[in-house]
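Asks: Shown below is the structure under consideration.
Number of protein chains: 2
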Amino acid sequence: MRIHIIGTGLLGASLGLALSAQKYQVSLEDTSPTAQQLAADLGAGTVSSARLDAEDPQIVVVATPPDVATQTIATALETYPNATVTDVASIKTRLLEAVRELVGEAELSRYIGCHPMAGREKSGAIAARSDLFTARPWVICSDEDTPGSRLGEVVTMAEATGASVIHLDPRIHDAAVAKVSHVPQVVASLVASQLRHAPLEEVALAGQGLRDVTRIAASDPRLWTQILAGNSEEIRSVLLDLRTELDEVITALELGPGSTGALAKAIALGNEGHDRIPGKHGQAPTKYAVVTILVPDTPGTLATLFKDIGDLNINVEDFRMDHAPGQKIGIVDVSVVPATQQELEIGLLSKGWQIPESAIEKEGIA
Amino acid sequence: MRIHIIGTGLLGASLGLALSAQKYQVSLEDTSPTAQQLAADLGAGTVSSARLDAEDPQIVVVATPPDVATQTIATALETYPNATVTDVASIKTRLLEAVRELVGEAELSRYIGCHPMAGREKSGAIAARSDLFTARPWVICSDEDTPGSRLGEVVTMAEATGASVIHLDPRIHDAAVAKVSHVPQVVASLVASQLRHAPLEEVALAGQGLRDVTRIAASDPRLWTQILAGNSEEIRSVLLDLRTELDEVITALELGPGSTGALAKAIALGNEGHDRIPGKHGQAPTKYAVVTILVPDTPGTLATLFKDIGDLNINVEDFRMDHAPGQKIGIVDVSVVPATQQELEIGLLSKGWQIPESAIEKEGIA
């Protein structure tokens, strides 16, 4: 398949690398000749002049910055009258509306918006990676007017990068990323912001809970300002709902003992929402069993621990290390499917690992 | 040292186990004879009748539920006129004020409030563990009227459990736990709550960011209702500040393009607060270098990975696995001190690991 990529920044160049590795014929175009040449030198494809002699590409991918995406998509639909045109912007509804204002219905049926959910802190072709999309969701926004053959081409291309294709209506996509990405970012930033003037003796009490809630608060303000502004209506709608529930908590805290029901409700509603988050690899939510192991914080100890787990032939679903202030002891949580918990605990205890919460060890005591 | 523990639930019984293991002489008392006997049978100490023949204990630890802690502390100060009395409740200011209303200044000087920051989802002596306090912060709230010898006894006892002692004024303690524990809990619950009615196709886009922000939203509503109600003023004060900043974001989202400065500010303030969170083991905040490795999701692979890292004799400061929807490939982030990053990348690349973002690999391409 022949693919033409307009915009050779991080996403465009990475896509070129990924598709070239899969033997796609990729041509590249960028308003910056330097960026275009760099992407080509990295192996992302050939520069656009090589393409002009040949027939139209099957797919044109617009990977420009969001502020010029609309015009670039409209121009591409006109320049390549047989091609399917797609893009990689993270907000879909406004873009589709803006394109609709510039082109006719026939052209619009050749446009299929996409959002590969991949990225890095770094930008530009120099940061491009052929495996940027590997194992990441790639959202495709088509509707009933989208010709099946064009949709099939885009799906094939997306899957060639190693991404997992998800079909969504643009509105549902924007509502979804507001809830699962944009609002969590805003709120993590707000929680972290409250620590700005906290004395060191106060932040010294920070535990894994705070670290998890605020990890993404380290994100880039410039990038996130564009994302938040681009999906402002959906984000605002979710934040208003969240603020209503926040106000109920604040009122309950003010009213005191008689209002603890509202506090319990807030935590219980959080339980309910948390249960909806899918498990690993997009499966239905799974409750894993967590085995907690105390490990000395020295080189090689984790190697021994994971070798011991590997020898048991038990698959680790998740692992996390807790940081204990002032002590050289680490606390490692290993998540496994419940059926393998007992086997894991017996195996590790027999090799001398400390498992403070082991049911097996406790039965031994009682 | 002789220690008397009143209340043999999770914390009291765990403390008894920890101190008995360190050859302390521990006596136990509980309003429930069954709970008292269970703790003694587990090895947490002897029941209180054994103590009555001997001289006063040096320290009495009140480990009852919070709602009876005040009266129990006052009674203990009266019953044991030479003993230092301490407790383990998670809120300190209100408790101190309530005790002050019940006892004279002389008695009050023998009371030293504590908050060992340890716990489990399970409760009762049956869930007790001798290493519950290992590597956890143990806050001690003393003031200038606290006799140094009594303070020294409490510090010695706390350190005997393996905990890390932190001295804090009760008000500072309560303000600190509001910021680093209670408010993050409320906000994580509120973010998760917004997912309650999200269709599965929307939550399918969830990534590691959402998972981290909402992990503690799975917490127990009953426990957290008590904690939130007990520190309501401090929590409310932080939540009001947070709401002011939230309102600025909501307003900026409503006003549109001209107000992106307020969005950038919110994310930037979050950066600033995030930078104040201390690194591992209570040291000053440290920026670790993160090396990202793609790993097949099969048993034993992590063992090999950690063995390879261990062979390089590089200490792993943190590690986390990202869950990719729909794909059997895991993405592991390994944090190390920056000085060892290059050595780690060279070592792992030479053993065939995939490091998509490796600077070394990139130089090889360019």
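Heads up: the sequence lines are chains X and Y, in that order.
Numbering (full-length UniProt numbering) for the first sequence: 1 to 366.
Numbering (full-length UniProt numbering) for the second sequence: 1 to 366.
Where is the CB? At the ideal position from N, CA and C, for every residue including glycine.
Every value quoted in this text rests on a predicted model; they were computed, and no experiment measured them.
Given that a residue counts as buried once 16 or more other Cβ atoms are within 10 Å of its Cβ, and exposed if not, what is Tyr153 of chain Y?
Replies: Sequence check: residue 153 of chain Y is Glu here, not Tyr. Glu153 of chain Y should be labelled buried.
Asks: Would you say Ser20 of chain Y faces chain X, with C-beta separation under 8 Å as the test?
Replies: The Cβ of Ser20 of chain Y sits no closer than 8 Å to any Cβ of chain X.
Asks: Can you find at least 3 beta carbon pairs, one from the stretch 101-113 of chain X and one from the stretch 12-27 of chain X, that sit closer than 8 Å?
Replies: no
Asks: Whether or not the stretch 148-165 of chain X and the stretch 162-169 of chain Y are in contact is what I'm after, with contact meaning three or more pairs of Cβ atoms, one per stretch, closer than 8 Å; do they touch?
Replies: no
Asks: At a Cβ threshold of 8 Å, is Met157 of chain X touching chain Y?
Replies: no
Asks: Just checking my contact of Val191 of chain X with Val183 of chain Y at CB under 8 Å: how many whole Å lie between their CB atoms?
Replies: About 6 Å; that satisfies the 8 Å criterion.
Asks: Whose Cβ in chain X lies nearer than 9 Å to the Cβ of Gln185 of chain Y?
Replies: Gly209, Val213, Ile267, Gly270
Asks: Any beta carbon from chain X within less than 8 Å of Ser90 of chain Y's own beta carbon?
Replies: no
Asks: List the residues of chain X whose Cβ lies closer than 8 Å to the Cβ of Arg196 of chain Y, in chain order.
Replies: Leu269, Glu272, Gly273, Arg276
Asks: Around the Cβ of His323 of chain Y, are there at least 16 other Cβ atoms within 10 angstroms (buried) or fewer (exposed)?
Replies: Bear in mind that a pLDDT of 49 at His323 of chain Y, under 50, signals an unreliable position, so the number given afterwards is only what the model happens to contain. Flag for His323 of chain Y reads buried.
Asks: If I follow the unbroken beta strand (DSSP E) through residue 376 of chain Y, where does it start and stop?
Replies: The structure shown does not extend to residue 376 of chain Y, since chain Y spans only 1 to 366, so no value can be given for it.
Asks: May I ask you to verify whether the stretch 55-71 of chain X touches the stretch 202-217 of chain X, counting CB pairs closer than 8 Å and requiring at least 3?
Replies: no
Asks: Which of the three DSSP states is assigned to Gly113 of chain X in this structure?
Replies: strand
Asks: Whole angstroms is fine: what's the gap from Glu345 of chain Y's alpha carbon to Tyr288 of chain X's?
Replies: C-alpha separation (whole angstroms): 31 Å.
Asks: Would Val60 of chain X pass as a contact of Ile140 of chain X if the rule is Cβ separation under 8 Å?
Replies: no
Asks: Looking at the C-beta of Met1 of chain Y, does it have a partner C-beta in chain X at a distance below 8 Å?
Replies: no
Asks: Taking C-beta pairs closer than 9 Å, name the residues in chain Y that Thr304 of chain X reaches, listed in chain order.
Replies: What Thr304 of chain X touches in chain Y: Phe306, Lys307, Gly310.
Asks: So Ile112 of chain X contacts chain Y; which residues on that side make the cut at Cβ distance below 7 Å?
Replies: Per Cβ cutoff of 7 Å: no residues; Ile112 of chain X is ~18 Å from chain Y at best.
Asks: What's the gap between the Cα of Gly261 of chain Y and the Cα of Trp353 of chain X?
Replies: 52 Å
Asks: Quick check on this structure: which residue in X:Val180, X:Ser193, X:Ser335, X:Arg320 has the alpha carbon closest to the alpha carbon of Ala268 of chain Y?
Replies: X:Ser193
Asks: Using the C-alpha atoms, what's the distance from Ser90 of chain Y back to Glu361 of chain X?
Replies: Low confidence applies to Glu361 of chain X: its pLDDT is 42, below 50, so where it sits in the model is not reliable enough to give any reading.
Asks: What residue does the beta strand (DSSP E) around Ser164 of chain Y start on, and which one ends it?
Replies: It spans 164-167 - the beta strand (DSSP E) in which Ser164 of chain Y sits, taken as one unbroken run.
Asks: Go ahead and pull the three-state DSSP assignment for Asp333 of chain X.
Replies: strand
Asks: Give the straight-line distance between the Cα atoms of Thr8 of chain X and Glu29 of chain X, rounded to the nearest whole angstrom.
Replies: When the Cα atoms are used, Thr8 of chain X and Glu29 of chain X turn out to be separated by approximately 7 Å.
Asks: Which of the three DSSP states, helix, strand or coil, is assigned to Ile227 of chain Y?
Replies: helix
Asks: Entirely within the stretch 201-259 of chain X and at least 4 residues each: give me those alpha helix (DSSP H) ranges in chain order.
Replies: 208-214, 221-230, 232-255
Asks: Using a Cβ distance threshold of 8 Å, determine whether the stretch 305-316 of chain X contacts the stretch 243-256 of chain Y, with at least three qualifying pairs required.
Replies: no
Asks: Only counting the same chain, and skipping five residues up and downstream in sequence, which positions put a Cβ closer than 6 Å to that of Ala98 of chain X?
Replies: Thr70
Asks: Can you find the residues in the same chain that come closer than 7 Å, C-beta to C-beta, to Gln341 of chain X, ignoring five residues on each side of it along the sequence?
Replies: Ala289, Val291
Asks: Counting only Cβ pairs nearer than 8 Å, list the residues of chain Y close to Leu240 of chain X.
Replies: Under a criterion of Cβ atoms nearer than 8 Å, the residues of chain Y adjacent to Leu240 of chain X are, in order, Ile250.
Asks: Would Ser193 of chain X pass as an interface residue toward chain Y - the criterion being a Cβ-Cβ separation below 8 Å?
Replies: yes
Asks: By the DSSP assignment, the beta strand (DSSP E) with Gln36 of chain X in it spans what residues?
Replies: For Gln36 of chain X, there is no enclosing beta strand (DSSP E); the enclosing alpha helix (DSSP H) has its first and last residue at 33-42.
Asks: Counting along the chain, where does the beta strand (DSSP E) carrying His173 of chain Y start and finish?
Replies: Not the beta strand (DSSP E): His173 of chain Y falls in the alpha helix (DSSP H), residues 170-177.
Asks: Distance, Cα to Cα, Leu195 of chain X vs Thr225 of chain Y?
Replies: 23 Å
Asks: Taking Arg129 of chain X as the reference, give the member of X:Glu201, X:Glu55, X:Ala39 with the closest Cα.
Replies: X:Ala39
Asks: Check whether the Cβ atoms of residue 376 of chain X and Ala188 of chain Y sit closer than 8 Å, and answer yes or no.
Replies: No answer is possible for residue 376 of chain X: it lies beyond the span of chain X, which begins at 1 and ends at 366.
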